[in-house]
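With our numbering applied, the sequence shown covers 3 to 454.
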Amino acid sequence: MAKKIPQPTTPPRERAFLVGVEIFGKKQILSLQDSLTELALLADTAGAEVVGELTQKLSHPHVETYIGPGKVEELKALAEETLAELVIFDDELSPRHQRELEKTLGKNIRVIDRTALILDIFAQHAHTREGMLQVELAQYEYNLPRLTRAWTHLERQAGGGGGRAGSTGGVGLRGPGETQLEVDRRTIRKRIAHLKAELEKVEAYRTRNRSQRRRSRIPTVALVGYTNAGKSTLLNRLAKADVYVADQLFATLDPTTRRVQLPGDNLGLFTDTVGFIQKLPTSLVVAFHATLEEITEADLLLHVVDISHPNALGQFQSVQETLEEIGASHIPMITALNKADQLKNPENARKTLENFPKSVAISALKNTGISDLLQLVQEELFEAFVPVHVRLPYKEGALISLFHELGQVERVEHERGGVQMQGRIPGRLLAQFSSWVAKNNVQAEEADLEEA
C-alpha cells in the first residue's frame with residue numbers, strides 16, 4: 003500500500019474585529035456601514051478573517067482611545083468572545099490611540115488602522131522595483147512617528163514582516179532606551195532619503211518615456227477608477243493583452259501601458275493605474291507620485307465605474323476628489339460604466355448614464371459596448387476641439403509648432419518675448435497648453451512690464 007504523502011496545510015487566517023466611527027460633521031462619501039463593508043474586503047484581501055464589528059457615533063474622537071471608554075470595554079469583551087487577534091479601525095489612529103487601546107485590550111490583541119491595512123496589501127501586491135520602493139517609502143513614513151512616540155508598541159511588533167495584516171515593515175528594534183531609539187530614528191530617516199533618491203531616478207525615467215511618447219504623437223489615455231472596478235479587465239479587452247486580473251481590491255499596483263487600435267486607423271496608448279479608494283492614505287499619494295504622474299500627464303482620462311456596485315455614485319465622487327487632489331481634474335474625461343451585465347435590469351444602466359459625464363455602459367467581461375467606448379475615445383482624442391487663447395514664449399517652439407500642426411489657428415500676434423495664439427485645439431492637448439493660457443490682454447501687458 004502506497005504511503006500517503008502529507009499535503010502542505012494553509013496557515014490559519016488571523017481573526018480580525020472591525021471598528022467604525024462616524025464623526026458628526028465630518029464629510030464622508032460612504033455611509034458608516036458601507037465603509038465597514040469595504041474595510042472587511044480590505045481585511046480579506048490582506049489575509050485576515052473578519053469575526054465581528056463594532057460602531058460608534060461621536061462628536062469628536064476620544065483623546066486617548068479614539069472611541070469612548072465604555073465602547074473600549076465593550077470592544078474588549080467582544081474581541082475575547084470572538085477570539086480576535088487583531089482589531090482594525092476604519093480611520094487613521096494616532097500612535098497614542100494605538101498604544102492606549104492595546105494597553106486596554108491586552109497584549110494578545112494587536113491594533114492597526116485602515117492606513118496600515120492598505121500599506122500591508124500594497125506590500126503584498128507590489129512586484130516591480132518601482133512598486134516596492136514606493137510601498138517601502140510609505141511604510142517607513144507611516145511608521146516613523148509611531149517609532150518615536152510609541153516605542154514599546156513597536157518593539158513588540160518588530161520583525162513581523164509582510165504578508166500579515168498590520169505588519170510594520172520589519173524595523174529591526176533591539177530594546178527600549180533613548181540611545182537605541184535615536185539610532186533607529188536616524189537609520190529610518192537615512193533609508194527614507196535613499197528611497198526618495200531612488201524614486202527620483204524612477205520619475206526621471208518615466209519623464210523621458212513620456213517625452214518619447216509625446217514625440218511619437220500617439221495620445222495617451224489613463225484608466226482610472228475605484229479599486230476593483232474592472233480597469234485591468236477592460237485593458238485586456240481593448241488591447242488583447244494579459245494584464246493580471248483578480249476579483250479583489252488592489253489586485254494590480256504597477257502601471258501597465260498597451261497600444262490600442264482606435265476607429266479611423268488611429269492609435270492610443272492606454273495605461274492601467276492603481277485603483278483609488280476612499281480615505282486613501284496621504285503617505286501613499288506622496289509615495290506613488292511618479293506613478294500618479296502617468297495620470298496627470300495623460301491626454302484623456304477613462305474613468306471606469308462599477309455600475310453594479312450599490313454605491314457606484316459615491317465611488318465615482320471619491321475618485322473625482324482624488325483626481326483633484328493630485329492635480330488631474332483639468333484633464334478631459336469620459337466614463338465607462340462597467341459590469342452592466344450584472345444589473346438585473348439593463349435599462350437601469352441607460353438611465354444611470356445621465357448621472358455621469360460623457361459616459362457609455364459596457365461589460366469588459368462580456369465584450370458589450372466596447373465599440374461604442376472606443377468611438378467615444380476617438381471623438382475625444384481626435385475630433386473634439388476646444389477654444390483656447392495662449393501666450394507662448396518663443397522658447398516653447400514645440401508647442402507653437404503643435405498648435406499650427408494639429409490645431410485650428412484663428413489669430414497669431416507676435417510680440418516681445420513670445421507669440422499670442424488664438425484658435426481651437428484637440429481637447430487632449432489642452433493640458434500641454436494650460437500653463438500658457440492668456441486670460442486677457444491686460445494681464446499680458448502686465449507680464450511684459452514685470453519682465454521689463
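Note that beta-carbon positions come from the ideal geometry of N, C-alpha and C, so glycine has one too.
Determine which residues share a DSSP beta bridge with residue i and list them.
i, result
"Met335", "Leu303"
"Pro389", "Arg426"
"Glu65", "Looking at the sequence itself, residue 65 is Val, so the reference to Glu does not match. According to DSSP, which records beta bridges pairwise, Val65 is partnered with nothing at all."
"Asp115", "Phe91"
"His416", "Val421"
"Pro395", "Gly420"
"Ser361", "Thr337"
"Gly22", "Thr57"
"Arg17", "Glu51"
"Gln410", "Arg426"
"Asn268", "Leu264"
"Gly277", "Its beta-bridge partners do not exist; DSSP assigns none."
"Gly227", "Val306"
"Val321", "Answer is none; Val321 lacks a bridge partner."
Thinking C-alpha only, which one of the options is nearest residue i?
i, options, result
"Leu41", "Lys28, Leu77 and Asp115", "Asp115"
"Ile194", "Asp93, Ser234, Leu378 and Asn145", "Asn145"
"Val287", "Thr39, Thr117 and Leu60", "Thr117"
"Asn369", "Pro283, Gly232, Glu326 and Leu225", "Gly232"
"Met134", "Asp92, Glu104, Ile90 and Glu200", "Glu200"
"Thr258", "Gln280, Glu83 and Glu296", "Glu296"
"Gln280", "Asn238, Leu85, Ser33 and Arg210", "Ser33"
"Leu294", "Val306, Leu80, Thr324 and Trp438", "Thr324"
"Pro283", "Gly316, Leu339, Asp93 and Trp438", "Asp93"
"Glu55", "Gln380, Leu85, Lys29 and Gln317", "Leu85"
"Leu183", "Thr298, Gln424 and Pro147", "Pro147"
"Thr229", "Val53, Leu197 and Asn340", "Asn340"
"Leu355", "Asp274, Ala314, Glu412 and Gln380", "Ala314"
"Ala48", "Leu304, Trp438, Ser37 and His127", "His127"
"Pro265", "Leu304, Glu102 and Glu381", "Glu381"
"Ser285", "Lys353, Ala50 and Ile328", "Ile328"
"Ser234", "Val53, Thr209 and Arg260", "Arg260"
May I have the straight-line CA-CA distance separating residue i from residue j, to the nearest angstrom?
i, j, result
"Ser310", "Asp343", "8 Å"
"Arg158", "Gly27", "Residue placement at Arg158 is flagged as unreliable, the pLDDT there being 37, under the threshold of 50; a coordinate-derived value is accordingly withheld."
"Arg426", "Pro221", "17 Å"
"Val390", "Leu236", "33 Å"
"Asp308", "Asp267", "30 Å"
"Ile25", "Phe278", "23 Å"
"Val226", "Gln35", "25 Å"
"Ala125", "Gly409", "45 Å"
"Gly163", "Arg191", "Because Gly163 carries a pLDDT of 38, less than 50, the predicted location of this residue cannot be relied on, and no value is offered for it."
"Lys105", "Val23", "20 Å"
"Gly371", "Lys29", "35 Å"
"Ser365", "Gln319", "21 Å"
"Glu83", "Glu326", "44 Å"
"His196", "Leu38", "36 Å"
"Gln424", "Arg418", "17 Å"
"Lys198", "Phe405", "37 Å"
"Pro71", "Thr189", "37 Å"
"Gly179", "Glu102", "Below a pLDDT of 50, predicted positions are generally treated as unreliable, and Gly179, at 48, falls in that range; no measurement from the model is reported."
"Ser169", "Ala206", "Model confidence at Ser169 stands at a pLDDT of 42, short of 50, so the residue's coordinates are unreliable; what they give is reported in the following sentence. Approximately 31 Å, taken between the alpha carbons."
"Pro312", "Trp438", "42 Å"
"Asp46", "Leu303", "30 Å"
"Val306", "Gly316", "13 Å"
"Ala300", "Gln434", "10 Å"
"Asn238", "Val321", "22 Å"
"Glu407", "Leu367", "39 Å"
"Ala50", "Arg208", "35 Å"
For residue i, which residues in the same chain have their Cβ closer than 6 Å to its Cβ, ignoring the five residues on either side in sequence?
i, result
"Val262", "Leu240, Ala241, Gly270 and Phe272"
"Glu132", "Val204"
"Ala330", "Ile297 and Thr298"
"Phe91", "Val21 and Asp115"
"Val411", "Gly425"
Between residue i and the rest of its own chain, which residues show a CB-CB distance below 8 Å, the 5 nearest in sequence each way excluded?
i, result
"Glu87", "Glu16, Arg17, Ala18, Asn110, Ile111 and Arg112"
"Val421", "Arg393, Leu394, Tyr396, Ile402, Val414 and Glu415"
"Ser436", "His332"
"Ala440", "His391, Val392, Arg393, Gln422 and Ala446"
"Leu107", "Val74, Leu77, Lys78, Ala81, Val89 and Val113"
"Leu60", "Val23, Glu24, Ile25, Phe26, Ile69 and Gly70"
"Val223", "Val262, Gly270, Leu271, Phe272, Thr273, Ala300, Asp301, Leu302, Leu303, Leu304, Val379 and Leu383"
Starting from the C-beta of residue i, find all residues in its chain whose C-beta is less than 7 Å away, skip the five residues before and the five after it, and write them out in chain order.
i, result
"Phe290", "Gln136 and Val276"
"His62", "Ile25"
- Query: With contact counted as at least three CB pairs below 8 Å, one residue from each stretch, are the region 379 to 389 and the region 419 to 431 in contact?
  - Reply: yes
- the region 136 to 152 / the region 118 to 127 touching (three or more Cβ pairs under 8 Å): yes
- Message: Three Cβ pairs or more, each shorter than 8 Å: is that satisfied between the region 362 to 378 and the region 395 to 409?
- Response: no
- Task: Spell out a yes or no on whether the region 62 to 73 and the region 93 to 106 are touching, meaning 3 or more CB-CB pairs, one atom from each, closer than 8 Å.
- Result: yes
- Spell out a yes or no on whether the region 354 to 365 and the region 330 to 338 are touching, meaning 3 or more CB-CB pairs, one atom from each, closer than 8 Å. yes
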